[in-house]
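Visitor: First residue of the sequence shown: 888, per our numbering; consecutive thereafter. Before we start, here is the structure in question, set down as structure tokens.
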Amino acid sequence: MTSYVCGSSQYSLFQGTNTLKCINMKDFCGSYSQCLQVNDQIGPSSYGCCREDYLYPRAANIIVYILIIPIIGIGSLGALGGGVVKRPFLEAVLNFNSGPSGNITACLMFGAQLVNQIIITFQKHPYHPQRPAVNYEVGMIYALAIPLSMQFGQELASYMPLLPVLTLQMMFFIVILPICLLYAKRQEVVEQELDEDYTDSHISMTTAFKGSIQDEAQAALVYKQFLNESHQILPVVPILIAFGSFAANEAVILSRTTLYQTSPYYPEYINNNSNQKLDPCNPWNFYMMIVLFAVNIFITGLTLLYFRYKEQIKDNVRYKLKERYFTPTRRFFKIYGAGCATGFIAGFLGMAAGLTMFVTMVQFGLVAASAGATANYGYFIVCLQVFVSFMVSDSGMPIGDQFFFYGIGILGVLIFTNLGYYYINKYKIGHILFYIDFAIVVLNIAGNIAWGVQSNHRSGFNSIVDINQSCNT
């Protein structure tokens, strides 16, 4: 891809190749931007929109970046990351185009969720103080499903006009709003009941297991082993499977060149012309999708067999009979399907992955506080995939600017997320996370409307209904 550079000292941030037609079009570039001559590797090339740099000392930038700190911190409680500020603040208010705003979002997400993972690792389950708040088995199933489905969502969105994507975003937001309120009310009732009378309810193995004394002693040892595993802060096997699956998937994903990504492995298509870039429409990319399918089927199949066998042993020793995620098999595929939906929504809509996980995990029986922590664990996989794509791309974002936005994300989590976890655990009010997500969804609806009105005013309705990217352009 051709890289363009803005020569102006004030307007130094190039807003993307879709702005190269800005000349003689009034208001096309929007606020904090100018239509200027841009340079490619050869020299002066064309006119494009150039915006003030990420850290240009303008009052609007300073105010918005300060506002982002609490929004990121509070949103992280409900597994909502940098995507919640992308449309309403970065695009609608500060007029960053999708490329620069995506760079900011990737840094915010990674910084916030990296620190958030450290915090939730040491959070305890509100009703089982010896167990971690994160349900690592449920989080592992989501992690198995997310990379492949997220790739499909990104692929589909990249070939679609903007209007259908915006419409589906708004439909999703409208549907999810009453669900958030409904689940908030339900969880409040559940939390009150659990707080009044909650025991670690399971049938005692010693009274339920019938057999010889030797068999009972052996079963007691197995039962004790499962109990110790459930109390581990970092259970090794599910964590290794989750991140090992992510690494295997990402290795294949990065071998593809698409409309939004250039493969770091094969930047050149070695054929008759060694200088030709690997084309997004080359059959190689389709073959790699088949490989990606095969990798997912292999890893997921082995994981299912292993944990089904483990749960059969749990049944034999009567260990926590209500906590089964792999048996019967249809229960596993319900959770796996929710993970696929999460990845597709993250890739296609570019937001709401954490919210999808949070809602569906509550549906699978996790209390709100545990669902929020587990959703954040799964959301970290989404953040890693976005961050890896950002790092291997030619974003042009200076290292200093990157660390500034890492810092904003980290600061928001250290102050607001940390404080939120304290009060949620102290007063057992996990249901408040649904109200937080409700408020942030309303904010994004307002941002979508404002951004759509701006786009229509600046570049006309055709800009959101035309297909700008395809194999023929």
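Glycine is no exception: its CB is placed at the ideal position from the N, C-alpha and C atoms. Just so you know, these numbers come straight off a predicted model, no measurement behind them.
Excluding the 5 residues flanking T1190 on each side, which residues of the same chain have their C-beta closer than 7 Å to its C-beta?
Guide: Within the same chain, T1190 has close Cβ partners L1031 and I1128.
Visitor: What's the C-alpha gap between L967 and G1241?
Guide: Roughly 5 Å between the two C-alpha positions.
Visitor: Does DSSP put N1169 in a helix, in a strand, or in coil?
Guide: N1169: coil per DSSP, three-state reduction.
Visitor: Using a 10 Å radius around the Cβ and a threshold of 16 neighbouring Cβ atoms, would you call E939 buried or exposed?
Guide: The residue in question, E939, is buried, as its Cβ has 16 or more Cβ neighbours within 10 Å.
Visitor: Taking only the alpha-carbon atoms, compute the straight-line gap between G903 and V1109 and give it to the nearest angstrom.
Guide: When rounded, the distance between both Cα atoms is 59 Å.
Visitor: Quick check on H1012: buried or exposed, where buried means 16 or more other Cβ atoms within 10 Å of its Cβ?
Guide: With 16 or more Cβ atoms within 10 Å of its Cβ, H1012 is classed as buried.
Visitor: Going by the beta-carbon positions, is the gap between L1330 and P975 smaller than 7 Å?
Guide: In contact: L1330 and P975 (Cβ atoms closer than 7 Å).
Visitor: Could you work out which residue in L1053, G894, L1055 and Y1264 is closest to L923 when comparing CA atoms only?
Guide: The option with the nearest alpha carbon to L923 is G894.
Visitor: How about A837 and T1261: do their beta carbons lie closer than 7 Å?
Guide: Examination of residue 837 is not possible in this model, given that the chain is present from 888 through 1360 alone.
Visitor: Considering only DSSP beta bridges, list what K908 is partnered with.
Guide: Answer is Y934.
Visitor: Three or more C-beta pairs closer than 8 Å, one from the segment 1061-1076 and one from the segment 973-993: is that the case here?
Guide: No, because fewer than three Cβ pairs between the segment 1061-1076 and the segment 973-993 fall closer than 8 Å, the two stretches do not touch.
Visitor: Buried or exposed: S896, going by 16 or more other Cβ atoms within 10 Å of its Cβ?
Guide: It is exposed - the Cβ of S896 has fewer than 16 other Cβ atoms within 10 Å.
Visitor: Under 8 Å: do the segment 946-966 and the segment 1283-1302 share three or more Cβ pairs, one atom per stretch?
Guide: In short, these stretches touch, since the Cβ pair count reaches three.
Visitor: Can you have a look at V1273 and say buried or exposed, based on whether 16 or more other CB atoms are within 10 angstroms of its CB?
Guide: So V1273 counts as buried.
Visitor: Compare the beta carbon distance of R1195 and F1213 with 7 Å and say whether it is the shorter of the two.
Guide: The answer is yes: Cβ separation under 7 Å.
Visitor: Could you check whether A1239 and M1383 sit closer than 7 Å to each other, using their CB atoms as the reference points?
Guide: Outside the displayed range of the chain (888 to 1360) lies residue 1383, so it cannot be described from this structure.
Visitor: Curious, which full-length beta strand (DSSP E) runs of at least 3 residues does the segment 1116-1148 contain?
Guide: Runs found: none.
Visitor: Is it a yes or a no for the segment 1039-1046 touching the segment 1325-1344, going by three-plus beta-carbon pairs under 8 Å?
Guide: Judged by Cβ distances under 8 Å, the segment 1039-1046 makes no contact with the segment 1325-1344, as fewer than three pairs qualify.
Visitor: Using the three-state DSSP reduction, which class does F983 fall into: helix, strand or coil?
Guide: Of the three classes helix, strand and coil, the one that applies to F983 here is coil, per DSSP.
Visitor: The alpha helix (DSSP H) that contains I950, what's its start and end?
Guide: Run containing I950: A946 to L964, per the alpha helix (DSSP H) assignment.
Visitor: Please return the same chain residues whose Cβ sits closer than 7 Å to the Cβ of F1039, not counting the five positions on each side in sequence.
Guide: Counting only Cβ-Cβ distances below 7 Å, and skipping sequence neighbours, we find F1231 and G1234.
Visitor: When the Cα of T992 is compared with those of L977, L1001 and A1326, which residue comes out closest?
Guide: When each option's Cα is compared against that of T992, the closest is L977.
Visitor: Alpha carbon to alpha carbon, what distance is there between V1124 and L900?
Guide: About 45 Å.
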